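J.: To start, I am sharing the structure in question, which I have written as structure tokens.
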């Protein structure tokens with residue numbers, strides 16, 4: 001193979017195994033179990049009137065596992081599907097499969113971005129937010145829920161840190177059970193409980209480091225100012241063109 | 250037409266905008282720059298497809314017989330993060346640096362610490378030698394020092410390896426031209442590589458193929 005590595009080759013498995021050992025050790029030493037128990041207790045007080053938002057990223061998947069296994073299995077889950085031009089179907093299938101495996105008793109509500117089937121979705125992101133909040137608002141009203149549980153962590157950014165663990169957003173109240181988790185805690189929890197996350201994470205983590213690997217929309221100009229499309233072109237080149245008619249692998 | 254092996258010796262790591270650099274695209278770039286002179290630097294982002302020069306290469310149907318880059322030693326990608334800030338005179342008063350004209354960029358250059366980049370091609374040897382001599386840097390982010398060329402060597406190759414070598418595709422080849430292919434993806438296979446019209450279901454470089 002003469003192409004660049006970081007594309008799921010043999011080196012990836014070896015590298016992943018090394019890190020798996022590290023995170024499993026950290027799980028005990030870092031007190032991750034105690035943090036998860038505390039997050040579950042915190043979530044419990046809101047769960048009866050809550051909707052759990054799951055993007056399929058590491059934080060929301062860890063949160064979903066904590067809630068579904070320790071608090072309540074029959075939770076309402078909201079997932080936003082960006083459509084094939086922003087979220088390749090292979091990744092989306094992994095996300096939905098992961099949600100169903102982690103929370104088999106959950107009621108999963110999936111809203112699909114109507115413009116996500118057009119290439120323009122990569123260029124124009126304003127309608128995305130509009131449609132997303134509309135769908136979320138409708139579901140909130142229909143289910144008569146008050147709380148939205150999100151996988152937001154204070155460590156992620158100063159803006160997220162300033163939101164606090166509970167944030168009143170008028171239309172609903174945001175609750176962040178994993179607020180005090182670090183990226184190490186989250187990955188340790190994922191490895192310890194074998195939580196399925198999209199495999200694309202590992203390719204990005206190998207190049208960027210675990211703390212910087214994030215699941216965001218692919219080839220999205222919204223993230224151009226962070227250099228994301230450049231990374232996608234190298235690591236996810238298969239999805240650059242024509243993702244609605246992906247070739248088999 | 251001669252079978253050629255072109256080796257660029259680098260003095261700095263190569264930054265990549267895609268896993269591979271296309272040799273025919275590189276030649277087209279040099280030819281266009283020669284043709285347009287200084288005007289080359291003030292082109293609109295995407296010029297009409299018909300204006301892209303045709304490199305002096307052999308063609309298999311409409312596929313240039315020119316390989317993609319073979320980076321040596323085998324690339325292990327790295328990331329170089331940097332800020333790109335506007336260097337224009339800022340106006341008085343408040344400006345938005347998060348979006349719009351004065352937007353700041355926190356960019357990531359993906360690069361591979363490489364010593365050599367090898368290509369195979371079949372074409373007019375004299376003209377190809379002349380054109381590659383004008384390549385001072387390869388890959389992306391050349392303006393900040395990536396991919397500097399120390400020396401370029403053009404030698405005769407043992408065979409026509411621009412399309413297939415040892416049973417492996419050396420570039421994207423549309424599957425409609427193949428009897429067998431191991432792996433496929435939607436890829437651009439002819440210049441301009443950014444154009445939607447150039448994208449087809451192709452065999453992936455360095456995977457097993459048989460020409461039809």
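Protein chains in written order, with my numbering: chain A, 1 to 249; chain B, 250 to 461.
We treat Cβ as the ideally placed atom computed from N, Cα and C, and that holds for glycine.
Note that the coordinates shown come from a computational prediction; the quantities given were computed from them, not determined experimentally.
1) Could you tell me the distance, in whole angstroms, from the CA atom of residue 286 of chain B to the CA atom of residue 441 of chain B?
2) Shortest alpha-carbon distance to residue 83 of chain A belongs to which of A/110, A/72 and A/76?
3) Listing by chain order, which chain B residues have their CB less than 7 Å from the CB of residue 233 of chain A?
4) What residues of chain A sit near residue 355 of chain B, judged by a beta carbon separation below 9 Å?
5) Listing by chain order, which chain A residues have their CB less than 7 Å from the CB of residue 352 of chain B?
6) For residue 79 of chain A, which residues in chain B fall below 8 Å Cβ to Cβ?
7) For residue 457 of chain B, which of helix, strand or coil comes out of DSSP?
8) With DSSP collapsed to three states, give me the class of residue 300 of chain B.
9) Among all the DSSP beta bridges, which residues are the ones paired with residue 186 of chain A?
10) Note down the Cα distance separating residue 370 of chain B from residue 116 of chain A, rounded to an integer number of angstroms.
11) Does DSSP classify residue 28 of chain A as helix, strand or coil?
12) Anyone know if the C-beta pair for residue 360 of chain B and residue 327 of chain B falls short of 7 Å?
13) Would you give the residue range spanned by the beta strand (DSSP E) that residue 371 of chain B belongs to?
14) What is the rounded straight-line gap between the Cα of residue 200 of chain A and the Cα of residue 90 of chain A?
15) Measure the beta-carbon distance from residue 268 of chain B to residue 237 of chain A and round it to whole angstroms, keeping in mind my assumption that it falls under 8 Å.
16) Run the proximity test for residue 260 of chain B: is its beta-carbon closer than 6 Å to any non-hydrogen atom belonging to the ligand NAD?
17) If residue 146 of chain A and residue 173 of chain A are in contact, beta carbons under 8 Å, what's the gap, nearest whole angstrom?
18) Starting from residue 274 of chain B, follow the alpha helix (DSSP H) in both directions and report where the run begins and ends.
19) What are the boundary residues of the beta strand (DSSP E) that residue 405 of chain B is part of?
20) Going by the CB atoms, is the gap between residue 263 of chain B and residue 358 of chain B shorter than 7 Å?
21) Select from the region 189-214 of chain A all residues with a C-beta closer than 8 Å to any C-beta belonging to chain B, and list them in chain order.
22) Do residue 312 of chain B and residue 271 of chain B have their C-beta atoms closer together than 7 Å?
23) Counting along the chain, where does the beta strand (DSSP E) carrying residue 332 of chain B start and finish?
24) Identify each residue in the region 422-439 of chain B for which the Cβ-Cβ distance to at least one residue of chain A is less than 8 Å, and report them in chain order.
T.: The relevant details are as follows:
1) Within the second chain, numbered from 1, the residue matching residue 286 of chain B stands at position 37. Within the second chain, numbered from 1, the residue matching residue 441 of chain B stands at position 192. Using only the alpha carbons, I get a separation of about 19 Å.
2) Residue 83 of chain A sits at position 83 when you count from the first residue of the first chain. Of the listed residues, the one whose Cα sits closest to residue 83 of chain A is A/110.
3) Along the first chain, read from residue 1 onward, the residue named residue 233 of chain A stands at position 233. The answer, in chain order, is 266 and 267.
4) Taking the second chain and counting its residues from 1, one reaches residue 355 of chain B at position 106. Going along chain A in sequence order, the residues near residue 355 of chain B (Cβ under 9 Å) are 225, 226 and 227.
5) Within the second chain, the letter at position 103 stands for residue 352 of chain B. Here the neighbours are 225.
6) The residue labelled residue 79 of chain A in the question sits at position 79 within the first chain. Near residue 79 of chain A there are no residues of chain B at all, since even the closest Cβ is about 27 Å away, more than 8 Å.
7) Sequence index remark: in the second chain, residue 457 of chain B carries index 208 (1-based). If DSSP states are grouped into helix, strand and coil, residue 457 of chain B belongs with the strands.
8) Stepping through the second chain from its first residue, residue 300 of chain B is reached at position 51. Helix, per DSSP.
9) The residue you call residue 186 of chain A lines up with position 186 of the first chain. Answer by DSSP bridge pairing: none, since residue 186 of chain A is not bridged.
10) Within the second chain, residue 370 of chain B is the residue found at index 121, counting from 1. Within the first chain, residue 116 of chain A is the residue found at index 116, counting from 1. So the two alpha carbons sit approximately 40 Å from each other.
11) Position 28 of the first chain, counted from the start, is the residue given in the question as residue 28 of chain A. Note: residue 28 of chain A maps to helix in three-state DSSP.
12) Stepping through the second chain from its first residue, residue 360 of chain B is reached at position 111. Stepping through the second chain from its first residue, residue 327 of chain B is reached at position 78. Their beta carbons are under 7 Å apart, which means residue 360 of chain B touches residue 327 of chain B by this criterion.
13) As a working mapping, residue 371 of chain B is identified with position 122 in the second chain. Element bounds for residue 371 of chain B: 365-372.
14) On the first chain, residue 200 of chain A is found 200 positions in, with the first residue counted as 1. On the first chain, residue 90 of chain A is found 90 positions in, with the first residue counted as 1. Looking at the two C-alpha atoms, the distance is approximately 10 Å.
15) Numbered from its first residue, the second chain carries residue 268 of chain B at position 19. Numbered from its first residue, the first chain carries residue 237 of chain A at position 237. Rounded, the Cβ-Cβ distance is 6 Å, consistent with contact.
16) Absent from the structure shown: the ligand NAD. Ligands present: none.
17) Here residue 146 of chain A corresponds to residue number 146 of the first chain, with the count starting at 1. Here residue 173 of chain A corresponds to residue number 173 of the first chain, with the count starting at 1. With 8 Å as the limit, residue 146 of chain A and residue 173 of chain A qualify as a contact, their Cβ atoms being about 6 Å apart.
18) If you number the second chain from 1, residue 274 of chain B lands on position 25. Unbroken alpha helix (DSSP H) run through residue 274 of chain B: 272-285.
19) In the second chain, the residue the question calls residue 405 of chain B occupies position 156. Its beta strand (DSSP E) spans residues 398-405.
20) Counting from 1 along the second chain, the entry for residue 358 of chain B is found at position 109. Counting from 1 along the second chain, the entry for residue 263 of chain B is found at position 14. No, these two residues do not count as a Cβ contact at 7 Å.
21) 207 and 208
22) Position 63 of the second chain holds residue 312 of chain B. Position 22 of the second chain holds residue 271 of chain B. No. Outside cutoff.
23) As a first step, residue 332 of chain B must be located in the second chain, where it is residue number 83. Counting along the chain, the beta strand (DSSP E) containing residue 332 of chain B begins and ends at 327-333.
24) 432, 433, 434, 435, 436 and 437
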